[in-house]
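Accompanying notes for the structure given below.
Numbering (this note's numbering), first residue to last: 83 to 360.
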């Protein structure tokens, strides 16, 4: 089991760093900045992801009698926005992929600075260091992301070669994380059945609903907002869960929530694409 624990820890680091490198190597400065010129869309996205979703999820885990690990995991996930998978989901939905790319990086960047400030204030019964969280996010997420953006801007030929490699490494690392978590903590899966699973589903559906309803104020980006609020940033969440907490159930909840989210959102995106083609 010690070997499996090492596999899990190493896989998390590879997943986080590899994911940031793959993301940065795929984006140009124009792709990032151009979609963000619409101030209304940006404000709606920030309010949805960093005010409404965390508030609703916090209410859900306060009302539903879930375990401490489930509570922390869902709160942590609710504060982590900017899922790297967002542009792919939006592409499946045949919607505004350009806005999704800019939005993803904006939310990801805000998360790096927002999460360390807000998380300790929501988990007042637990000692959590804002600086420890910030340090992990800056060193393991922001630094690789900025390095990759620099390579993309100045050595595009190299970025084109490296990006698919890091994307594959990222996918393999996520599989390794899921596998090692199940082997190490399969008994904890039992605790997710019942109230835990209900809280996961309600949090996911509520997050998607927030994006969809706010999207009525800007119908061109309704689907992007819906998918963007529903699919949280597993990279940031699992990094903090493993670096700053000792409860394995927290990471388990984050992975389970992400898998459940994809099971719901991929068919939803495909359905939106069919509706748009009519």
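Where is the CB? At the ideal position from N, CA and C, for every residue including glycine.
Small disclaimer: the values here were computed from a predicted structure and weren't measured.
- Own chain residues within Cβ distance below 7 Å of residue 355, not counting five before or after: The residues are 174, 175, 176.
- Task: Sort 160, 296, 214, 113 by Cα distance to residue 308 and report the nearest one.
- Result: In this structure, 296 is the residue among 160, 296, 214, 113 with its C-alpha nearest to the C-alpha of residue 308.
- Chain-order list of residues whose beta-carbon lies under 8 Å from that of residue 320 (same chain, five-residue window excluded): Within the same chain, residue 320 has close Cβ partners 94, 97, 98, 259, 333, 336, 337.
- What are the start and end residues of each continuous alpha helix (DSSP H) run of 4 or more residues lying completely inside the stretch 241-310, in chain order? Runs of the alpha helix (DSSP H) inside the stretch 241-310: 279-296.
- What residue does the alpha helix (DSSP H) around residue 41 start on, and which one ends it? Nothing about residue 41 can be reported from this structure: the residues present for the chain run from 83 to 360 only.
- Task: Would you mind reading off the limits of the alpha helix (DSSP H) that contains residue 173?
- Result: Run containing residue 173: 168-174, per the alpha helix (DSSP H) assignment.
- Leaving out five residues before and five after residue 341 in sequence, what residues of the same chain have Cβ atoms less than 8 Å from its Cβ? Residues of the same chain with a CB within less than 8 Å of the CB of residue 341, apart from the 5 flanking positions on each side, are 260 in chain order.
- Starting from residue 101 and walking both ways along the alpha helix (DSSP H), at which residues does that stretch end? Note, residue 101: alpha helix (DSSP H), 84-107.
- Item | Beta-carbon gap between residue 328 and residue 165 smaller than 7 Å | No, these two residues do not count as a Cβ contact at 7 Å.
- Message: Between which residues of its own chain and residue 160 is the CB-CB distance below 6 Å, once the five residues before and five after are set aside?
- Response: The beta carbon of residue 160 sits closer than 6 Å to those of 135, 136, 139, all from its chain and outside the five residues before and after it, given in chain order.
- Nearest candidate by alpha-carbon position, reference residue 365, set 154, 157, 180: Here the chain covers residues 83 to 360 and nothing more, so residue 365 does not appear.
- Message: When you compare the CB positions of residue 364 and residue 156, do they come within less than 7 Å of one another, or not?
- Response: Since the first and last residues shown for the chain are 83 and 360, residue 364 lies out of range.
- With a cut-off of 8 Å, do at least 3 Cβ pairs link the stretch 235-248 to the stretch 97-111? A contact exists between the stretch 235-248 and the stretch 97-111.
- Among 350, 231, 326, 87, which one has its Cα closest to the Cα of residue 312? When 350, 231, 326, 87 are compared, the shortest CA-CA separation from residue 312 is found for 350.
- Measuring CB to CB, does residue 198 end up less than 7 Å from residue 220? Contact flag unset, no.
- Query: DSSP state of residue 164, grouped into three classes?
  - Reply: In the structure shown, residue 164 sits in coil (DSSP, three-state: anything other than H, G, I, E or B).
- Task: Thinking residue 230 and residue 344 are a contact (beta carbons under 8 Å), I'd like their distance in whole angstroms, please.
- Result: Actually they are not in contact, since the Cβ atoms of residue 230 and residue 344 sit about 24 Å apart, beyond 8 Å.
- With residue 113 as the anchor, note down where its alpha helix (DSSP H) starts and where it stops. 111-115 is the extent of the alpha helix (DSSP H) around residue 113.
- Item | Three-state secondary structure assigned by DSSP to residue 199 | Looking at residue 199 - three-state DSSP - the assignment turns out to be helix.
- Query: Going by beta carbon distance, what residues of the same chain come within less than 6 Å of residue 292, once the five residues before and after it are set aside?
  - Reply: Only 130, 134, 135, 311 meet the Cβ criterion.
- Through-space distance from residue 277 to residue 147, alpha-carbon basis: Across the structure, residue 147 and residue 277 are spaced so that their CA atoms are roughly 7 Å apart.
- Task: Report yes or no: is there a C-beta of chain C within less than 7 Å of the C-beta of residue 103?
- Result: You won't find chain C in this structure, because it holds only one protein chain.
- Given a threshold of 16 other Cβ atoms within 10 Å of its Cβ, counted over all protein chains shown, does residue 186 qualify as buried or as exposed? Classified as buried, residue 186 has 16 or more neighbouring CB atoms from the shown chains inside 10 Å of its CB.
- Message: Using 8 Å for Cβ pairs, my map puts residue 172 next to residue 305. What's the rounded Cβ distance?
- Response: About 7 Å; that satisfies the 8 Å criterion.
- Query: Since residue 135 is in the alpha helix (DSSP H), which residue starts that stretch and which ends it?
  - Reply: Secondary structure note for residue 135: its alpha helix (DSSP H) is the uninterrupted segment 135-145.
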